[in-house]
Amino acid sequence: MPTAVMTDRERAAVQAYLRLLHTVRAAFDGPPGDRPPVVPPAVLAETEQALAAAGLTGNEESFFRLLQTWCPAP
């Protein structure tokens with residue numbers, strides 16, 4: 007049974023994913039001519055590293071369950 011409290015690594019993975027999401031969202035909120043062609047590699051690397059450290063690589067179901075815990079739908 008999953009615990010109610012996230013580990014530090016799980017929390018870091020969720021926070022890194024949210025930073026990635028906000029980076030992508032900010033890129034697409036700008037004018038079409040000013041949008042970057044890709045997400046900065048450092049942002050992707052941070053997210054991948056955090057997911058791996060939390061043991062969530064390839065385990066989307068568990069990860070999105072954690073994400074829902076962190077940011078419940080309104």
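In the numbering used here, the protein residues as written are 7 to 80.
Just so you know, even glycine gets a beta-carbon here, dropped at the ideal spot from N, CA and C.
Here the structure is a predicted model, which means the values were calculated and not measured.
Pairing CB atoms from the stretch 10–30 with CB atoms from the stretch 52–60, are three or more of them under 8 Å?
By the criterion of at least three beta-carbon pairs nearer than 8 Å, the stretch 10–30 is in contact with the stretch 52–60.
Leaving out five residues before and five after Asp40 in sequence, what residues of the same chain have Cβ atoms less than 7 Å from its Cβ?
none
Return the residue from the list Pro37, Glu66 and Ala32 that minimises the CA-CA distance to Pro46.
Ala32
Out of Val44, Val49 and Val30, which has the shortest C-alpha to C-alpha gap to Ala22?
Val49
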